[in-house]
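Everything below concerns the one structure shown next.
Numbering (UniProt numbering), first residue to last: 1 to 254.
Here it is, written out as structure tokens:
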């Protein structure tokens, strides 16, 4: 009987230790994700997306952009936060007030156009043109051009001039590229957190291979353009002002 009690006690202790270790590891992972996304339990975040360009309905969204929003809302839910969708004609408030996920390039989203113009100054998007039949963005003299075999998306994290919560910019050349960027962020945010921490901006170019055949399954990181994408503002004489510190004022604690 004594040996049985000892074995039972040892099993309980071992089981408790395994459970506690797993709990602490899950908690640590959750805290890192919250810090990376600037989210806390019960917090709100914004999902900013433009309406479907070819739809006459005001609140219509492309189905692949809807899928991208689902991916991002899942991130928020896993962090214990909740997401509010904001349309292109709805006010989003000051940058940094809430974590923001901005989906779509500047040709489709006024909010994205503002971010590119004010913060991602080293990036230039060429809006789709019926005559040129060309969709592309340029970073540091390199053109990333859409073709039926290859598409691209710029995935970036940055803060406004006063810090606060981060903005995650997913500027794809197509709605399918936006979805690929959202899924990449969902699947690889732990790797990105190890590389960039909770308080460093980044700008990454992702390539989607054969999107018609593979969808978003074949998406790869091809360039880190962080040093080029975030250019300081220029003086009227063409000289650039010094780059401000890259440390946000506040972020979620880990």
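We treat Cβ as the ideally placed atom computed from N, Cα and C, and that holds for glycine.
If you reduce the DSSP assignment to three classes, tell me which class residue i lands in.
i, result
"residue 242", "Caution applies to residue 242, whose pLDDT of 40 falls short of 50 and renders its modelled position unreliable; the model cannot decide the point."
"residue 162", "coil"
"residue 98", "coil"
"residue 136", "strand"
"residue 218", "coil"
May I ask which residues mark the beginning and end of the alpha helix (DSSP H) holding residue i?
i, result
"residue 192", "175-196"
"residue 262", "The requested residue 262 is not part of the displayed model; the chain covers only 1 to 254."
"residue 75", "63-78"
"residue 227", "226-229"
"residue 114", "110-118"
Taking only the alpha-carbon atoms, compute the straight-line gap between residue i and residue j and give it to the nearest angstrom.
i, j, result
"residue 224", "residue 16", "43 Å"
"residue 222", "residue 34", "26 Å"
"residue 141", "residue 113", "20 Å"
"residue 75", "residue 127", "30 Å"
"residue 130", "residue 207", "With a pLDDT of 47 at residue 130, under the threshold of 50, the modelled position of this residue cannot be trusted; read the value that follows with caution. For residue 130 and residue 207, the distance between alpha carbons rounds to 24 Å."
"residue 39", "residue 219", "26 Å"
"residue 178", "residue 147", "15 Å"
Measuring CB to CB, does residue i end up less than 8 Å from residue j?
i, j, result
"residue 50", "residue 109", "yes"
"residue 122", "residue 139", "yes"
Whole-angstrom Cβ separation of residue i and residue j, contact assumed at under 8 Å?
i, j, result
"residue 100", "residue 36", "About 14 Å separates the two Cβ atoms, so there is no contact after all."
"residue 203", "residue 173", "At roughly 16 Å, the Cβ-Cβ gap does not stay under 8 Å, so residue 203 and residue 173 are not in contact."
"residue 137", "residue 124", "6 Å"
"residue 86", "residue 48", "5 Å"
"residue 176", "residue 211", "5 Å"
"residue 80", "residue 118", "The Cβ separation is near 31 Å, so there is no contact."
Span of the beta strand (DSSP E) holding residue i?
i, result
"residue 83", "82-86"
"residue 142", "142-145"
"residue 50", "Residue 50 -> no beta strand (DSSP E), and no H or E assigned at all."
Is residue i a contact residue of the ligand MN, with contact defined as CB to any heavy atom under 7 Å?
i, result
"residue 103", "As presented, the structure is devoid of all ligands, the ligand MN included, so that no description of it is given."
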